[in-house]
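Participant: Chains as they are written, first to last, in this note's numbering: chain P, 2 to 292; chain Z, 2 to 292; chain L, 443 to 665; chain V, 443 to 665; chain S, 197 to 439.
One structure, pasted below without further comment.
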Amino acid sequence: MIDVQLQKSLKAATGDLYLDVEFKIRRGELITLYGKSGAGKTSIFRMIAGLLDPDKGRIDVDEFVWLDTEKKINLPPQRRKIGFVFQEYALFPNMTVLENLRFARGKQSDDLFIKDLIDIVDLGDLQNRKPDTLSGGQKQRVALARALVQKPEILMLDEPLSALDYEIRNKLQVYILQVHKEFDLTTILISHDISEIIKMSDYLIELDRGMIIRQGIPAEVLTNHNISGKFQFVGEILTIKRQDFIFIITVLIGKEIIKVVADEDEGKKLSICDKVLIASKAFNPIIHKID
Amino acid sequence: MIDVQLQKSLKAATGDLYLDVEFKIRRGELITLYGKSGAGKTSIFRMIAGLLDPDKGRIDVDEFVWLDTEKKINLPPQRRKIGFVFQEYALFPNMTVLENLRFARGKQSDDLFIKDLIDIVDLGDLQNRKPDTLSGGQKQRVALARALVQKPEILMLDEPLSALDYEIRNKLQVYILQVHKEFDLTTILISHDISEIIKMSDYLIELDRGMIIRQGIPAEVLTNHNISGKFQFVGEILTIKRQDFIFIITVLIGKEIIKVVADEDEGKKLSICDKVLIASKAFNPIIHKID
Amino acid sequence: MDWTPLILTFKLAFITTVLLLFISVPVAYWLAYSKSRLKPVMETLVSMPLVLPPTVLGFYMLIAFSPSNAFGGFLDKWLGLRLVFSFEGLILASVIYSLPFMVHPIQSGFSNLSSSLKDAAYVMGKSKTTTLFRILLPNIKPSLLTGIILAFAHTIGEFGVVLMIGGNISGKTKVASIAIYDEVESLNYVAANTYSLILFSITFVILLFVYAVNGGFIKKFWQ
Amino acid sequence: MDWTPLILTFKLAFITTVLLLFISVPVAYWLAYSKSRLKPVMETLVSMPLVLPPTVLGFYMLIAFSPSNAFGGFLDKWLGLRLVFSFEGLILASVIYSLPFMVHPIQSGFSNLSSSLKDAAYVMGKSKTTTLFRILLPNIKPSLLTGIILAFAHTIGEFGVVLMIGGNISGKTKVASIAIYDEVESLNYVAANTYSLILFSITFVILLFVYAVNGGFIKKFWQ
Amino acid sequence: KHSQKSRLTIATSANMKLAMKEIVNSFEKEQDIECEMIVGSSGKLTAQIRGHAPFDVFVSANTLYPEELYRTGYSDEKAIVYAYGKLILLSMKKDLFPDLNNLNREEINHIALGNPKTAPYGTAAMEVLKNKKIFSELKDKFVYGESVSQVNQFILSGVAEVGFTAKSVIMSPGIKDKGHWIEIDSSLYNPIAQGFIVLNNRKDHLEEAKKFRDFLISEKAGKILNTFGYSVNSSQKVNPVLK
Ligand SMILES: Nc1ncnc2c1ncn2[C@@H]1O[C@H](COP(=O)(O)OP(=O)(O)OP(=O)(O)O)[C@@H](O)[C@H]1O
Ligand SMILES: Nc1ncnc2c1ncn2[C@@H]1O[C@H](COP(=O)(O)OP(=O)(O)OP(=O)(O)O)[C@@H](O)[C@H]1O
Ligand SMILES: [Mg+2]
Ligand SMILES: [Mg+2]
């Protein structure tokens with residue numbers, strides 16, 4: 002059980018942000034912090050890792066006290082067993098990819114594990130390259146591998162996959178989940194990607210301006226309505242074409258695009274980029290596996 | 002009309018990447034480069050901007066030759082009228098947000114335009130802050146505003162919105178489109194986000210290992226099948242629960258989650274994270290606008 | 443107490459430092475960004491004035507600047523510039539001698555700087571000069587400061603070269619370091635101590651002020 | 443041709459530079475990362491040895507190190523260390539005098555470095571020392587190099603302090619800079635030129651080699 | 197303000213500084229000629245004169261430099277000797293009375309003398325040691341100063357227990373009435389002749405320069421030199437005009 006209570010006024014020239022959060026994480030859980038840019042997600046991460054001192058607060062991890070401002074306890078980052086993927090990667094420019102990983106590992110993990118990791122993040126060809134010569138996505142993958150190589154007790158991932166394309170992103174999501182379970186990690190994720198959050202996390206905390214505004218099971222928090230067998234989707238209007246007395250409307254739902262017909266009255270109310278709910282009255286879906 | 006032909010062998014310790022592309026962009030178009038991490042997207046951007054010299058190639062912009070390796074013509078970056086959002090932001094640490102924007106503007110744009118831009122990217126409170134004290138998403142918004150303030154002829158955006166949450170991302174997508182049209186810009190975008198690509202771009206170029214593998218209208222290239230009135234979606238299985246002789250399967254489609262019932266034979270073939278196609282036999286959708 | 447040597451010293455240190463800034467920035471820029479094969483040679487040459495004992499360096503300069511020699515004669519005849527036993531000569535000598543203290547830190551500052559800043563400014567259509575002054579230099583402030591402090595302090599203490607080129611002419615080339623040397627030489631330890639103490643104190647205050655402003659200490663207490 | 447002064451010079455420069463590295467890295471580390479109010483004062487103090495003319499500084503050191511004084515007496519009595527007229531004394535004097543040339547560039551290197559690298563290493567459980575040696579220092583190589591070159595070259599050319607503390611004892615404290623000075627003083631210009639030329643050439647080769655290796659030139663031609 | 201041209205510029209070797217100040221003062225009073233003194237080591241001043249320094253006369257601490265300058269054409273007249281230095285053995289230690297015969301005592305760790313190559317008093321000290329045949333015995337105790345004044349600093353700071361220096365030193369305010377000294381028998385070393393030369397770098401002061409030369413070898417100047425520890429005639433009777 003990780004118990005976090007943090008308060009910090011973030012210094013700013015104007016418009017101070019007062020961060021005040023309190024939450025619990027069970028061992029082995031994967032929770033996600035979600036919220037607008039500048040809401041305070043990275044700052045919370047830095048405080049949990051011991052890189053930023055809160056004004057007030059405490060962090061208990063199982064029976065250990067990592068931080069207690071009242072008792073003036075404050076473990077240095079070195080003694081909090083944490084793996085961290087930084088939003089800005091923070092790769093060591095003087096070391097190759099392989100050396101970055103080797104440096105990160107404690108005594109416990111062996112070269113074989115590093116080799117495996119390099120294969121999984123698809124960096125086999127690049128292991129002797131310096132970070133400066135990598136593309137954005139390649140850097141991000143190295144940063145992720147470097148955090149995993151430590152087999153930490155708590156894994157903190159600050160947007161670990163934002164620079165990646167759909168395919169590798171999917172692959173790494175699965176892999177993170179796998180590692181998370183296999184090594185019984187407690188994982189905290191920061192992500193903006195809704196499908197990523199729903200797929201990966203057990204619990205979601207939504208922040209706004211330094212406060213927790215919602216929390217719960219991701220699907221419930223994010224979709225706002227119960228999961229049902231009803232076939233209804235929220236989508237976005239891409240184009241509207243008039244044809245005689247009807248409108249042909251293309252709607253983007255996820256990565257699918259469908260055409261819907263609307264009558265004149267309906268059609269006139271709609272415009273491009275509107276969000277719409279599309280539902281079927283009666284539906285009996287068929288399901289096909291795609292290979 | 003922008004006519005690009007580039008060849009460059011990217012230096013790497015092992016596994017050299019030979020970049021060889023050729024494409025045309027019409028004035029006023031918004032095209033997207035899409036492809037796996039490390040495919041060469043950023044490198045193409047850098048060559049178009051004049052920050053990286055190709056081994057061979059030419060770039061013609063309307064009647065002007067920007068680059069012609071045979072005739073040894075190579076305009077410096079300063080003389081290619083380009084606005085550029087860097088994947089790593091490249092904000093000037095010595096200047097505040099406002100100063101970053103002021104420095105970027107040429108003689109043409111005025112303070113009013115800068116004020117507008119700051120409001121639109123939601124940075125009003127932060128305009129007197131130095132980039133070091135901004136969150137990842139805030140930095141990205143500054144980088145975007147800084148590229149727009151120049152009102153360049155060609156706007157190049159290297160994952161300009163990857164660090165942003167859904168809401169601000171949507172807002173800025175609309176705004177980029179608006180600026181793109183209003184100032185009659187030619188815009189080249191790098192993005193991994195499929196809905197972003199479909200919503201924003203006129204044309205899509207997909208790269209793999211330095212080669213163009215597909216190109217065309219985004220919706221067609223990405224969805225692989227024609228747009229239809231049929232209600233069918235590709236989704237991902239989140240959970241599978243057995244209930245007597247049937248399986249109740251939750252599927253994630255976009256950010257929606259639905260429950261589908263599958264019989265025993267079907268259900269046994271499926272597992273978590275599988276991609277599935279879900280379709281209705283007969284469908285007559287209703288459309289509601291959401292406010 | 444004769445104040446002229448002290449005034450002369452700070453005048454010399456100040457002018458030398460300013461001139462060195464103008465010279466070192468382009469030199470350091472070239473050294474940091476050039477890909478020429480000559481680069482290591484140039485880097486080495488910049489350090490070489492340090493290697494010779496100051497008096498000896500001064501001696502060679504004296505020979506070069508002397509109006510009876512080609513170079514010195516040319517200056518004398520065509521520009522009316524006498525570099526030996528004149529304040530101008532002191533400045534030139536100090537500039538040459540302190541060059542490495544300014545060039546090297548600035549160069550390493552440029553090298554440590556991320557190249558994407560330069561790229562970003564170029565893409566905005568900013569010239570190399572604008573980029574240098576508005577982007578590069580402001581972002582290597584610690585290195586610039588190091589260069590300035592080392593060059594300034596070193597010019598104040600510098601003495602062998604100055605004595606040789608300047609000839610110890612009071613009010614013109616007799617700077618504080620030479621005055622102190624003189625007093626020590628003639629066993630006037632009290633006077634030497636006084637001079638040293640004053641020189642030390644003034645420089646201490648100047649440098650302390652610079653560092654305090656740079657560290658934001660002044661700002662903090664002001665508010 | 444007497445080679446001992448030259449050998450002595452390079453021995454002195456080498457030992458001084460190595461010692462300075464050990465001293466300057468912690469000092470620069472503290473100066474770069476401390477938030478103490480004393481920081482500007484310490485920064486200023488490090489620069490102060492530069493301000494006094496070398497001979498005068500040497501004279502003050504001579505008095506401090508003299509066995510008839512408290513400090514020198516203590517060293518003599520308890521450690522059996524005689525700092526005047528000994529090679530050890532030369533080393534100590536050179537270390538003090540060249541300290542700012544090493545400390546300042548390294549400090550500005552640390553200041554320019556992104557703090558996220560330090561954070562990343564700490565989170566991995568690496569100690570401050572490991573982080574310093576494996577992450578910080580390798581990433582400020584240009585600054586380290588600047589410090590090493592300036593200190594090395596300066597110790598070679600340094601002469602006023604050395605002359606005062608060392609007492610010009612041949613084979614023991616008579617370094618090349620003093621030998622050259624001697625020859626110039628006794629109007630033996632030919633011998634002075636020879637010494638200068640040799641000193642200059644050897645140093646030139648050493649520095650050129652360092653810069654070439656650093657610039658990757660050697661590597662490029664080797665392959 | 198006086199322009200540089202209106203003054204007679206006298207380049208003076210550092211060890212002559214105090215004596216020359218007195219002499220120049222009384223010369224100025226007598227002749228109503230304004231003078232300026234430039235002080236430095238003789239070697240440096242010589243190098244500077246060769247670099248066309250604006251000096252009119254050169255008061256050296258030895259004869260080598262003036263001769264050299266005459267030979268190379270920086271003067272129209274030969275150098276002259278205006279005084280002879282006297283060598284002393286000086287100590288600043290309270291209970292150490294310097295003596296040539298027991299320099300090998302244990303409490304004497306260092307003996308300071310001028311560098312025989314560059315400092316005339318160093319040459320003289322070397323001759324004394326060789327004549328007394330104690331040089332090789334004391335070899336390890338010697339430390340060399342660049343000039344007489346550095347030797348003084350070694351002695352004064354106490355790092356060298358004794359040292360050979362010029363008699364003129366004990367007239368200076370820093371040392372006067374301190375320490376113990378003995379004068380060395382002048383038969384043990386060649387006279388330390390101090391040379392003087394009129395320079396021709398700038399012709400506009402030739403008249404005044406010659407007046408100064410005459411004053412320097414006058415009886416009045418001689419008296420001043422005597423009080424500062426110099427003698428004006430050598431025991432060995434050397435012709436005052438050099439070859
Ligand atoms: N400075 C460099 N030196 C050498 N190779 C480089 C350099 N920058 C990038 N590369 C290599 O060139 C290839 C293409 O990189 P590029 O940055 O263009 O990829 P990208 O398509 O933008 O990828 P991403 O989506 O991850 O940003 C990669 O294999 C990368 O390792
Ligand atoms: N070093 C700093 N000094 C002062 N203020 C800071 C600093 N770092 C961040 N802030 C401010 O604190 C607030 C929260 O920043 P934080 O980085 O935690 O946001 P975030 O939720 O991670 O945002 P994003 O999704 O954009 O990365 C922001 O308003 C930011 O400007
Ligand atoms: Mg963040
Ligand atoms: Mg990229």
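The beta-carbon is built from N, C-alpha and C at its ideal position, and this holds for glycine as well.
Take every Cβ of the segment 246-255 of chain S, pair it with every Cβ of the segment 618-628 of chain L, and state whether three or more of those distances are shorter than 8 Å.
Facilitator: Under the Cβ criterion (8 Å, minimum of three pairs), the segment 246-255 of chain S does not count as touching the segment 618-628 of chain L.
Participant: So who's on the other strand from G217/P, going by DSSP bridges?
Facilitator: L205/P
Participant: Mind pulling the chain V residues with CB within less than 8 Å of N610/L?
Facilitator: Within chain V, no residue comes near N610/L; the closest Cβ sits about 13 Å away, beyond 8 Å.
Participant: Buried or exposed, going by whether 16 or more other CB atoms sit within 10 Å of the CB of I218/P?
Facilitator: exposed
Participant: Straight-line CA distance for R267/S to A279/S?
Facilitator: Rounded to the nearest angstrom, the two C-alpha atoms are 21 Å apart.
Participant: Determine which residues of the segment 283-297 of chain S have a Cβ less than 9 Å from any Cβ of chain L, and write them out in chain order.
Facilitator: none
Participant: For a minimum of 4 consecutive residues, which ranges assigned as the alpha helix (DSSP H) are wholly contained in the segment 624-663 of chain V?
Facilitator: 631-656
Participant: Quick one: is the Cβ of S163/Z within less than 7 Å of any heavy atom of ligand 3?
Facilitator: Checking the Cβ of S163/Z against ligand 3 gives no.
Participant: Pull up the distance between the alpha-carbon of E342/S and that of Y631/L, whole angstroms please.
Facilitator: 18 Å
Participant: Output the distance between the C-alpha atoms of D123/P and G51/P, rounded to the nearest integer angstrom.
Facilitator: Spanning the two alpha carbons is a distance of roughly 31 Å.
Participant: Are any of the Cβ atoms in chain P nearer than 8 Å to that of I577/V?
Facilitator: yes
Participant: Bridge partners of E237/Z, per DSSP?
Facilitator: Answer is L253/Z, K276/Z.
Participant: Going along chain L in order, which residues have a C-beta closer than 8 Å to the C-beta of I240/S?
Facilitator: A small correction: the amino acid at residue 240/S is Lys; Ile does not occupy that position in the sequence shown. Those are T497, L605, M606, listed as they occur along chain L.
Participant: Using only CA atoms, which one of G36/P, I49/P, S44/P lies nearest to T188/P?
Facilitator: In terms of CA proximity to T188/P, I49/P leads the group G36/P, I49/P, S44/P.
Participant: Would you mind stating whether D166/Z and H193/P have Cβ atoms separated by less than 8 Å?
Facilitator: yes
Participant: Under the assumption that N581/V contacts L605/V (Cβ atoms under 8 Å), give the Cβ distance between them as a whole number of angstroms.
Facilitator: 39 Å between Cβ atoms; not a contact.
Participant: Measuring only between beta-carbons, confirm whether V143/Z sits less than 8 Å from chain P.
Facilitator: The Cβ of V143/Z sits no closer than 8 Å to any Cβ of chain P.
Participant: Which residues bound the beta strand (DSSP E) around T205/S?
Facilitator: 204-209
Participant: Considering only heavy atoms of ligand 1, does any lie closer than 7 Å to the CB of L57/P?
Facilitator: The identity of residue 57/P in the sequence shown is Lys, whereas the question assumes Leu. Incorrect: K57/P has no Cβ contact closer than 7 Å to ligand 1.
Participant: Where in the segment 466-491 of chain L do unbroken runs of the alpha helix (DSSP H), each at least 4 residues long, occur, reported from the N-terminal end onward?
Facilitator: 481-489
Participant: Return the first residue and the last residue of the beta strand (DSSP E) that S585/L is part of.
Facilitator: Per DSSP, S585/L belongs to no beta strand (DSSP E); it is in the alpha helix (DSSP H), 583-599.
Participant: Determine the direct distance from the alpha carbon of L53/Z to that of G1/Z, and round the result to whole angstroms.
Facilitator: Missing from the structure shown is residue 1/Z; chain Z here goes from 2 to 292 and no further.
Participant: I want to see whether chain L comes within less than 8 Å of L52/Z, judged by CB atoms only; does it?
Facilitator: yes
Participant: If the cut is a Cβ gap below 7 Å, which residues of chain L does E438/V touch?
Facilitator: In the structure displayed, chain V extends from 443 to 665; residue 438/V sits before or after that span and is not available.
Participant: Using C-beta distances below 6 Å, list every residue in its chain close to I60/P, excluding the 5 sequence neighbours before and after it, in chain order.
Facilitator: If we look at I60/P and ignore the five residues flanking it on each side, its Cβ neighbours are V5, W67, L68.
Participant: So, helix, strand or coil for H198/S, using DSSP?
Facilitator: The predicted model places H198/S with a pLDDT of 43, which falls under 50 and marks its position as unreliable; any figure quoted below should be read in that light. In the structure shown, H198/S falls within a coil segment according to DSSP collapsed to helix, strand and coil.
Participant: When you check each C-beta in the segment 452-463 of chain L against every C-beta of chain V, which residues fall closer than 7 Å?
Facilitator: none
Participant: Check whether the segment 213-220 of chain S touches the segment 231-238 of chain S, taking contact to mean three or more Cβ pairs, one atom from each stretch, closer than 8 Å.
Facilitator: yes
Participant: Mapping DSSP to helix, strand and coil, what is E232/S?
Facilitator: strand
Participant: Kindly indicate which residue of A91/Z, R170/Z, G41/Z, N75/Z has the alpha-carbon position closest to the one of S558/L.
Facilitator: A91/Z
Participant: Is any non-hydrogen atom of ligand 1 found closer than 7 Å to the C-beta of T33/Z, if you look at the structure I gave you?
Facilitator: no
Participant: Determine whether the beta carbon atoms of L223/P and I199/P lie at a separation below 8 Å.
Facilitator: yes
Participant: Just to confirm, are V603/V and P496/V a CB contact at a threshold of 8 Å?
Facilitator: Yes.
Participant: Report all residues from its chain with a CB closer than 7 Å to the CB of L454/V; omit the five preceding and five following residues, and keep chain order.
Facilitator: Only L532, I533, S536, T597, V617 meet the Cβ criterion.
Participant: Using beta-carbon positions only, say whether L494/L and G599/V come within less than 8 Å of one another.
Facilitator: yes
Participant: Along chain P, in chain order, which residues have C-beta atoms closer than 9 Å to that of H193/Z?
Facilitator: G138, S163, A164, L165, D166, Y167, R170
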